[in-house]
DNA sequence: ATGGCCCGTAGAACGGGA
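In our numbering, the protein residues as written are 8 to 266.
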């Protein structure tokens, strides 16, 4: 099973890129973030034509998540859950579904803006709620994958300039501690299961020619339970769509699991 | 050259992203 995550930064604008990329990579499951579309506007027909079923939870202008699955290989997503139970939130940042016996959790973790902002406090409260819910999900789903835009660079090696970013949002210690807590719950960072080149990032700022100069962060992740990690064959960032005209500022991350 | 963009909602700038 080939699973992937991609923050598309507007599915309306990026649909041609997504369709081209699906045709090239043929993933079985894709988690999308920042669709920025209400459900009525979701391009379900175009994706169905491409061979993908979809479940989605959208919000006007901001956020929005979706899980695509290749109908002919892994079938339809079931047991769909929107949001974190018990955590009231108008923003659409969480979508969970079961695909071919694997529990898929698609996350768009809040950005946090800056460490002295109210949005940062919301991010930390949100992460706390996530941990509590995941504890139960992990207890009932030994085959579980968490994919998404985490808006956290877990370690200095995930940052192009760790000194400049030290203590800043996306890199601050409380955020990194939350990431380590996820690992402590038994989840594994699929990317770090394998030897990787230095300076591997998944996001580059549109400003300052960030991509051309490779000034990036690795903030998009795939976390796997032990059972799935043991079957994971590879994990990589696909920089290709970031080179296309009018790209998302994020690149997809892909993992292959022998199941 | 230490700043540089992009998207949605607008129907001009502005909030938000990271």
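All C-beta atoms in this analysis are idealised placements derived from N, C-alpha and C, irrespective of residue type, glycine included.
Residue i - DSSP class collapsed to helix/strand/coil
i: residue 292; result: In the structure as shown, the chain starts at 8 and stops at 266, and residue 292 therefore has no counterpart that could be examined.
i: residue 77; result: strand
i: residue 210; result: strand
i: residue 251; result: coil
i: residue 47; result: helix
i: residue 235; result: helix
i: residue 86; result: strand
i: residue 27; result: helix
i: residue 100; result: coil
i: residue 20; result: helix
Nearest neighbour of residue i, chosen from the options [CA to CA]
i: residue 216; options: 53, 32, 250, 81; result: 250
i: residue 114; options: 155, 247, 193, 15; result: 155
i: residue 145; options: 64, 192, 10, 197; result: 192
i: residue 325; options: 207, 240, 214; result: One cannot answer for residue 325 here, as it falls past the ends of the chain, which runs 8 to 266.
i: residue 149; options: 66, 223, 105; result: 105
i: residue 138; options: 185, 30, 127; result: 185
i: residue 52; options: 218, 131, 61; result: 61
i: residue 94; options: 213, 129, 225; result: 129
i: residue 136; options: 151, 111, 92; result: 92
i: residue 107; options: 117, 84, 125; result: 84
i: residue 74; options: 134, 36, 90, 86; result: 36
i: residue 49; options: 26, 63, 21; result: 63
i: residue 163; options: 151, 179, 157; result: 179
Per DSSP, the bridge partner or partners of residue i
i: residue 61; result: 75
i: residue 242; result: 262
i: residue 115; result: 156
i: residue 54; result: None, per the DSSP bridge assignment.
i: residue 9; result: 263
i: residue 229; result: 154
i: residue 220; result: Residue 220 pairs with nothing; no bridge assigned.
i: residue 39; result: 13, 73
i: residue 199; result: According to DSSP, which records beta bridges pairwise, residue 199 is partnered with nothing at all.
Distance CB(residue i)-CB(residue j) smaller than 8 Å
i: residue 260; j: residue 12; result: yes
i: residue 238; j: residue 265; result: yes
i: residue 47; j: residue 17; result: no
i: residue 174; j: residue 122; result: yes
i: residue 98; j: residue 70; result: yes
i: residue 248; j: residue 28; result: yes
i: residue 210; j: residue 196; result: no
i: residue 160; j: residue 224; result: yes
i: residue 4; j: residue 232; result: For the chain, the structure presents residues 8 to 266; residue 4 sits outside this window and is missing.
Fill in: Runs of alpha helix (DSSP H) lying entirely within the stretch 122 to 189, each at least 4 residues, in chain order
Secondary structure remark: continuous alpha helix (DSSP H) runs of at least 4 residues inside the stretch 122 to 189, in chain order: 125 to 147, 169 to 172.
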